[in-house]
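First up is the structure itself, then whatever we jot down about it.
Protein chains: 2
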Amino acid sequence: MLKPDPGRLLAVAREEALLGKSEGGVPIGAALFTVDGELLGRGHNRRVQDDDPSMHAETAAFRNAGRRPHYRDTVMVTTLSPCWYCSGLVRQFSISHVVIGEARTFSGGHDWLAGLGVGITILDDPACVTLMTEFIEERPDLWFEDIGVETS
Amino acid sequence: MLKPDPGRLLAVAREEALLGKSEGGVPIGAALFTVDGELLGRGHNRRVQDDDPSMHAETAAFRNAGRRPHYRDTVMVTTLSPCWYCSGLVRQFSISHVVIGEARTFSGGHDWLAGLGVGITILDDPACVTLMTEFIEERPDLWFEDIGVETS
Chain A
1 MLKPDPGRLL AVAREEALLG KSEGGVPIGA ALFTVDGELL GRGHNRRVQD
51 DDPSMHAETA AFRNAGRRPH YRDTVMVTTL SPCWYCSGLV RQFSISHVVI
101 GEARTFSGGH DWLAGLGVGI TILDDPACVT LMTEFIEERP DLWFEDIGVE
151 TS
Chain B
1 MLKPDPGRLL AVAREEALLG KSEGGVPIGA ALFTVDGELL GRGHNRRVQD
51 DDPSMHAETA AFRNAGRRPH YRDTVMVTTL SPCWYCSGLV RQFSISHVVI
101 GEARTFSGGH DWLAGLGVGI TILDDPACVT LMTEFIEERP DLWFEDIGVE
151 TS
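Quick note, the sequences are listed as chains A and B, same order.
The UniProt record's numbering applies: residue 1 is where the first sequence begins, and numbers increase by one.
The UniProt record's numbering applies: residue 1 is where the second sequence begins, and numbers increase by one.
So, in structure tokens, the structure goes:
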């Protein structure tokens, strides 16, 4: 059972995604909260901005949350279904719950995480779907680079 | 089939691990090569040095390799079996092979990767085993923090 309102958490991740879009980057945002709803860190994909392929939205939020002895009491919220890299992060650090804006335009490892006992909430948020649909149409090259899909 | 000599690749990751140790950090190193043996990026765990929980050895090497259209033609070498976070990185970006110094002191997702078709070479290197054994004995707090294991 998730205590904080998932829509309120998603609003923070969506703000981050829009920030990323305004900077010309991959428009995916994320944030790490405690299970009580306290914000620990927020971030967005920084591939373009920092020339850094390792900074997906979830890893950026995780980095910005800083060092903690453990993450069992945390919730990751992301505008898009977490890729395998970010799903691996959730598994390794035993993040207890993942709130997902949408899983229509891309589906990563959220079913795998659910099978491992991680709480999964998919909000199917129309604004998140539109954001990614437009981005993939406009910049397929950047999108496929971001998820390591060979196109040529 | 791995073309470059895995021992030569591991030597680079081991140098990185020793660098990390000399800086007071978690002594795990990694490097990303092409399948032909060209070095793309090298790095080590930077949790302590940068106060950054997202920089495991493999993610540091991946970051330092920079942006690429895809990673199908690459090999990750790491001194220690990759945790789930770093195994997820390998899966998402379709890194074709992982060379592992040792999997005695910690075993992450390398069997999972092998089942998905990723080439896995475990060298069982005594120097890597000693490095981690001593570190875990000296700094169990830091080690368990690095892999997100709750100890209290």
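Even glycine gets a Cβ: it sits at the ideal position worked out from N, Cα and C.
Since the model is a prediction, treat every value here as computed from it, not as a measurement.
Applying the 10 Å Cβ sphere with the 16-neighbour rule, what's the burial state of residue i?
i	result
residue 82 of chain B	buried
residue 114 of chain A	exposed
residue 79 of chain B	buried
residue 138 of chain B	exposed
residue 67 of chain A	exposed
residue 109 of chain B	buried
residue 53 of chain B	buried
residue 102 of chain B	buried
residue 140 of chain B	exposed
residue 146 of chain A	buried
Taking residue i as the reference, which of the options has the closest Cα?
i	options	result
residue 98 of chain B	B/70, B/58, B/151 and B/137	B/58
residue 17 of chain B	B/33, B/66, B/145 and B/44	B/44
residue 73 of chain A	A/49, A/37 and A/141	A/37
residue 116 of chain B	B/104, B/133, B/136 and B/94	B/94
residue 7 of chain B	B/25, B/21, B/19 and B/30	B/30
residue 111 of chain A	A/34, A/84 and A/15	A/84
residue 149 of chain A	B/15, B/60 and B/92	B/92
Residues of chain B with CB under 9 Å from residue i, in chain order?
i	result
residue 128 of chain A	In chain order: nothing, as chain B lies at least about 20 Å away.
residue 145 of chain A	67, 68, 69 and 70
residue 139 of chain A	None at all; the shortest Cβ gap to chain B is about 13 Å.
Give me the Cα-Cα distance between residue i and residue j, rounded to the nearest whole angstrom.
i	j	result
residue 9 of chain A	residue 77 of chain A	6 Å
residue 20 of chain B	residue 142 of chain B	13 Å
residue 63 of chain B	residue 87 of chain B	15 Å
residue 55 of chain B	residue 118 of chain B	23 Å
residue 128 of chain A	residue 122 of chain A	11 Å
residue 70 of chain A	residue 39 of chain B	34 Å
Just to make sure I have the definition right: I need the residues of chain B whose C-beta is within less than 8 Å of the C-beta of residue i. Which are they?
i	result
residue 14 of chain A	Correct list: empty, because the minimum Cβ distance to chain B is about 22 Å.
Going along chain A, which residues have a C-beta under 8 Å from residue i?
i	result
residue 150 of chain B	69, 70, 72 and 94
Starting from residue i, find everything on chain A with Cβ-Cβ shorter than 7 Å and list it in chain order.
i	result
residue 8 of chain B	Within 7 Å Cβ-Cβ: nothing; residue 8 of chain B doesn't reach chain A, min ~25 Å.
Taking Cβ-Cβ distances shorter than 7 Å, what residues in chain B pair up with residue i?
i	result
residue 104 of chain A	Correct list: empty, because the minimum Cβ distance to chain B is about 19 Å.
Checklist entry - Which residues, taken in chain order from the region 73 to 96 of chain A, show a beta carbon closer than 8 Å to some beta carbon of chain B? => result 83, 84, 85, 86, 87, 88, 89, 91, 92, 93 and 94
Checklist entry - In chain order, what residues of the region 33 to 61 of chain B put their CB closer than 7 Å to some CB of chain A? => result 47, 51, 52, 53, 54 and 59
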